[in-house]
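First comes the structure, then the notes that go with it.
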Amino acid sequence: MIISASTDYRKAAKAKLPPFLFHYIDGGSYGENTLRHNTTDIAEVALRQRVLNNMSDLSLNTEIFGEKLDLPIALAPVGLTGMYARRGEVQAAKAAENKGIPFTMSTVSVCPIEEVAPKLDRPMWFQLYVLKDRGFMKNVLERAKAAGVTTLVFTVDMPVPGARYRDMHSGMSGPNAAARRVFQSMLHPQWAFDVGVFGKPHDLGNISTYRGEPTKLEDYIGWLGENFDPSISWKDLEWIRDFWDGPMVIKGILDVQDARDAVSFGADGIVVSNHGGRQLDGVLSTVKALPGIADAVKGDLKIMVDSGIRSGLDVVKMLALGADLTLLGRSFVYALAAQGQAGVENLLDLYEKEMRVAMTLTGAKSIKDLNSDSLIKL
12 MIISASTDYR
22 KAAKAKLPPF
32 LFHYIDGGSY
42 GENTLRHNTT
52 DIAEVALRQR
62 VLNNMSDLSL
72 NTEIFGEKLD
82 LPIALAPVGL
92 TGMYARRGEV
102 QAAKAAENKG
112 IPFTMSTVSV
122 CPIEEVAPKL
132 DRPMWFQLYV
142 LKDRGFMKNV
152 LERAKAAGVT
162 TLVFTVDMPV
172 PGARYRDMHS
182 GMSGPNAAAR
192 RVFQSMLHPQ
202 WAFDVGVFGK
212 PHDLGNISTY
222 RGEPTKLEDY
232 IGWLGENFDP
242 SISWKDLEWI
252 RDFWDGPMVI
262 KGILDVQDAR
272 DAVSFGADGI
282 VVSNHGGRQL
292 DGVLSTVKAL
302 PGIADAVKGD
312 LKIMVDSGIR
322 SGLDVVKMLA
332 LGADLTLLGR
342 SFVYALAAQG
352 QAGVENLLDL
362 YEKEMRVAMT
372 LTGAKSIKDL
382 NSDSLIKL
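Using my numbering, the first residue of the sequence shown is number 12, and each one after it goes up by one.
Here you go:
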């Protein structure tokens with residue numbers, strides 16, 4: 012087992028959450044091979060230790076799209092975050108703001124844009140899919156603009172949802188799912204009262220606002236299946252590029268040619284991502300896909316990466332391999348489930364401390380100093 016702060020928070024989250032929620036965030040698609048490789052492959056990357064370099068002025072600050080960040084980290088978009096803590100998107104967003112990094116709201120969040128944005132002094136990012144309901148897409152983009160969202164993260168690796176068999180076993184989906192979820196909640200009273208009773212409404216806030224009626228958890232899987240669009244192509248993003256006048260990031264890139272296509276399209280950034288191992292099982296881990304993509308498009312746009320990052324050491328490795336920014340998904344949700352906003356802030360504190368140790372002992376005084384010289388080829 013790979014030991015990290017995220018591992019401890021994962022254990023705490025598993026004890027606190029009903030199984031349908033724990034396995035939804037913890038699981039991957041099919042045999043979960045890519046899910047495993049995301050963490051085991053990054054563990055094999057070797058840092059190059061350097062000493063006696065006077066590291067007293069080390070800095071973790073960076074900048075992206077004109078935003079100054081205290082850490083080279085953003086919180087990734089995670090669906091149903093509001094089910095893991097009471098009004099979870101609000102708590103996670105405030106934790107990110109307090110640590111000087113961006114929070115990215117998911118299309119399928121529990122809290123709507125209009126609930127989260129007014130509670131922040133820092134602009135947030137927003138994630139969107141290409142959906143069959145173009146009216147919803149236009150509506151939510153207009154609402155994101157009105158709320159002051161700065162950066163649009165467009166997820167393109169989900170034209171169809173991958174098969175997540177854990178969800179069928181856990182009660183998130185499958186036969187008698189609603190009854191199983193109620194029974195599980197009764198066996199986890201702390202979550203049941205804090206989130207189940209006092210964390211309502213439990214619906215997809217952004218979609219409910221558009222539809223004018225609640226879109227409940229039991230409608231979630233069906234809505235996704237009906238609205239994801241397998242006909243998606245680059246031309247379907249053109250009107251969004253024209254409509255959105257802020258930075259636009261394409262999330263779900265694993266192939267060098269797709270990265271080049273993103274440059275040709277005019278994207279401001281990409282996220283090298285396999286959706287946390289939740290879509291096509293058997294594809295490359297992001298740590299193995301990243302170097303080739305960085306070689307091809309570094310400097311043409313901002314390169315971000317997610318999937319498998321569980322520590323500040325992992326952040327340093329990804330930056331050394333060519334990323335400009337890392338996104339945390341599962342690890343922050345584990346912390347949120349365990350301790351709410353305070354847990355996320357503590358997790359980020361631990362990541363920062365781990366980064367400082369790694370950079371001090373690799374001789375990198377700033378984020379820009381992290382490169383292939385910080386690593387050893389095995």
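We treat Cβ as the ideally placed atom computed from N, Cα and C, and that holds for glycine.
Give me the residue from LEU248, ILE387 and ALA188 with the minimum Cα distance to SER275.
For the purposes of this step, residue 275 is taken as the residue at position 264 of the sequence shown. Among LEU248, ILE387 and ALA188, the Cα nearest to that of SER275 is on LEU248.
For a test of the three-state rule: what should DSSP assign to TRP2, helix, strand or coil?
A query on residue 2 cannot be resolved here, the shown segment of the chain reaching from 12 to 389 and no further.
With 16 other Cβ atoms within 10 Å as the buried cut-off, status of MET197:
Start at 1 with the first residue of the sequence shown, and residue 197 comes out as number 186. Classification for MET197: exposed.
With a CB to CB cut of under 7 Å and the five nearest residues on each side skipped, what residues in its chain are close to LYS143?
Counted from its first residue, the sequence shown places residue 143 at position 132. Correct list, in chain order: ASN238 and ASP240.
Hey, is the segment 22–32 in contact with the segment 334–352, meaning 3+ C-beta pairs nearer than 8 Å?
yes
Do LYS227 and VAL164 come within 7 Å of each other at the CB atom, strictly closer than that value?
Numbered from its first residue, the sequence shown carries residue 164 at position 153. Numbered from its first residue, the sequence shown carries residue 227 at position 216. No, the pair does not count as a contact, with Cβ atoms beyond the cut-off.
Can you tell me whether GLN60 is helix, strand or coil according to DSSP?
Taking the sequence shown and counting its residues from 1, one reaches residue 60 at position 49. If DSSP states are grouped into helix, strand and coil, GLN60 belongs with coil.
Check the C-beta distance from MET148 over to VAL121 and give it rounded, since I have them as a contact under 8 Å.
Position 137 of the sequence shown holds residue 148. Position 110 of the sequence shown holds residue 121. In fact, because the Cβ distance is near 20 Å, the residues do not count as touching under 8 Å.
CA-CA distance, THR115 and PRO186?
Here the question's residue 115 lines up with position 104 in the sequence shown. Here the question's residue 186 lines up with position 175 in the sequence shown. If you take the alpha carbons of THR115 and PRO186, they lie about 33 Å apart.
Under DSSP, the beta strand (DSSP E) around VAL282 begins and ends at which residues?
Position 271 of the sequence shown, counted from the first residue, corresponds to residue 282. 280–283 is the extent of the beta strand (DSSP E) around VAL282.
Can you name the start and end residues of the alpha helix (DSSP H) that TYR35 belongs to?
Translated into the one-based positions of the sequence shown, residue 35 becomes position 24. Segment 30–37, the alpha helix (DSSP H) holding TYR35.
So, are the CB atoms of GLU365 and SER318 less than 7 Å apart?
Indexing the sequence shown from 1 puts residue 365 at position 354. Indexing the sequence shown from 1 puts residue 318 at position 307. No.
How is ILE112 classed by DSSP in three states: helix, strand or coil?
Mapped onto the sequence shown, residue 112 falls at position 101. Three-state result, ILE112: coil.
Taking just the CA atoms, how far does ALA103 sit from ASP214?
Your numbering for residue 214 matches position 203 in the sequence shown. Your numbering for residue 103 matches position 92 in the sequence shown. Near 18 Å, if we compare the C-alpha coordinates of ALA103 and ASP214.
Kindly give me the distance between the Cβ atoms of VAL6 and VAL316, rounded to whole angstroms, as I take these residues to be in contact under 8 Å.
Within the shown structure, residues of the chain are numbered from 12 to 389, placing residue 6 beyond reach of any answer.
Short of 6 Å in beta carbon distance, which residues of its chain neighbour ILE324, apart from the five on each side in sequence? Order them along the chain.
Here the question's residue 324 lines up with position 313 in the sequence shown. Note that residue 324 is Leu in the sequence shown, not Ile. Within the same chain, LEU324 has close Cβ partners GLU365 and ALA369.
Determine, using beta-carbon pairs with one atom in the segment 189–203 and one in the segment 76–92, whether at least three such pairs fall under 8 Å.
no
Could you tell me the boundaries of the beta strand (DSSP E) in which ILE314 lies?
What you label residue 314 is simply residue 303 of the sequence shown in a count that begins at 1. Note, ILE314: beta strand (DSSP E), 313–316.
Of the residues LYS328, TRP202, ILE387 and THR373, the one placed nearest ASN396, counting alpha carbons only
Because residue 396 is not part of the residues shown, which for the chain are 12 to 389, the question remains open.
Suppose contacts are defined by Cβ-Cβ distances below 7 Å. Is SER377 in contact with SER70 by that definition?
For this step, residue 377 is matched to residue 366 along the sequence shown. For this step, residue 70 is matched to residue 59 along the sequence shown. Contact flag set, yes.
Residue(s) in a DSSP beta bridge with ILE84:
Counted from its first residue, the sequence shown places residue 84 at position 73. In the DSSP output, where bridge partners are listed per residue, ILE84 has THR337.
If we ignore side chains and look at the alpha-carbon of each, how far apart do LEU265 and ASN64 end up?
Here residue 265 is taken as the residue at index 254 of the sequence shown, counted from 1. Here residue 64 is taken as the residue at index 53 of the sequence shown, counted from 1. Taking the straight line from one Cα to the other gives about 36 Å.
Using the Cβ count rule (16 or more neighbours within 10 Å means buried), how would you classify ARG8?
An answer regarding residue 8 cannot be provided, because it is not within the stretch 12 to 389 covered by the chain.
Can you tell me the Cα-Cα spacing of ASP306 and ARG271, whole angstroms?
Position 295 of the sequence shown, counting from 1, holds the residue named residue 306. Position 260 of the sequence shown, counting from 1, holds the residue named residue 271. So the alpha carbons of these two residues sit roughly 11 Å apart.
Alpha carbon to alpha carbon, what distance is there between GLU100 and THR92?
As a position in the sequence shown, residue 92 is number 81, starting the count at 1. As a position in the sequence shown, residue 100 is number 89, starting the count at 1. Near 6 Å, if we compare the C-alpha coordinates of GLU100 and THR92.
Is PRO200 buried or exposed, if buried means 16 or more other CB atoms sit within 10 Å of its CB?
Taking the sequence shown and counting its residues from 1, the one referred to as residue 200 is at position 189. It counts as exposed.
Within 10 Å of its beta-carbon, does GLU229 have 16 or more other beta-carbons around it, so buried, or fewer, so exposed?
The residue labelled residue 229 in the question sits at position 218 within the sequence shown. Label assigned to GLU229: exposed.
Within 10 angstroms of its Cβ, does GLN138 collect 16 or more other Cβ (buried), or is it exposed?
As a first step, residue 138 is located in the sequence shown; it is residue number 127 there, counting from the start. With 16 or more Cβ atoms within 10 Å of its Cβ, GLN138 is classed as buried.
Using C-beta distances below 6 Å, list every residue in its chain close to TYR362, excluding the 5 sequence neighbours before and after it, in chain order.
Here the question's residue 362 lines up with position 351 in the sequence shown. Counting only Cβ-Cβ distances below 6 Å, and skipping sequence neighbours, we find GLY323.
Measuring CB to CB, does SER117 end up less than 7 Å from GLY146?
Numbered from 1 along the sequence shown, position 106 holds the residue referred to as residue 117. Numbered from 1 along the sequence shown, position 135 holds the residue referred to as residue 146. For SER117 and GLY146, no; Cβs fall outside 7 Å.
For ILE75 and LEU336, believed in contact at Cβ under 8 Å, the rounded distance:
Counting from 1 along the sequence shown, the entry for residue 336 is found at position 325. Counting from 1 along the sequence shown, the entry for residue 75 is found at position 64. Yes, LEU336 and ILE75 are in contact; Cβ-Cβ is about 6 Å, under 8 Å.
Assign TRP136 to buried or exposed, taking buried as 16 or more other Cβ atoms, counted over all protein chains shown, within 10 Å of its Cβ.
For the purposes of this step, residue 136 is taken as the residue at position 125 of the sequence shown. With 16 or more other Cβ atoms within 10 Å, it is buried.
For the putative contact between LEU359 and PHE254, defined by C-beta atoms under 8 Å, what is the C-beta separation to the nearest angstrom?
Numbered from its first residue, the sequence shown carries residue 359 at position 348. Numbered from its first residue, the sequence shown carries residue 254 at position 243. Incorrect: roughly 33 Å between the Cβ atoms, too far for contact.
At the level of alpha carbons, what is the spacing between LYS399 and GLU126?
Nothing in the structure corresponds to residue 399, since the chain is present only between 12 and 389.
Would you mind stating whether VAL294 and THR45 have Cβ atoms separated by less than 7 Å?
Counted from its first residue, the sequence shown places residue 294 at position 283. Counted from its first residue, the sequence shown places residue 45 at position 34. Their beta carbons are under 7 Å apart, which means VAL294 touches THR45 by this criterion.
Nearest residue (CA-CA) to SER17, options VAL355, ILE387 and LYS379
Here the question's residue 17 lines up with position 6 in the sequence shown. Cα-wise, what sits closest to SER17 is VAL355.
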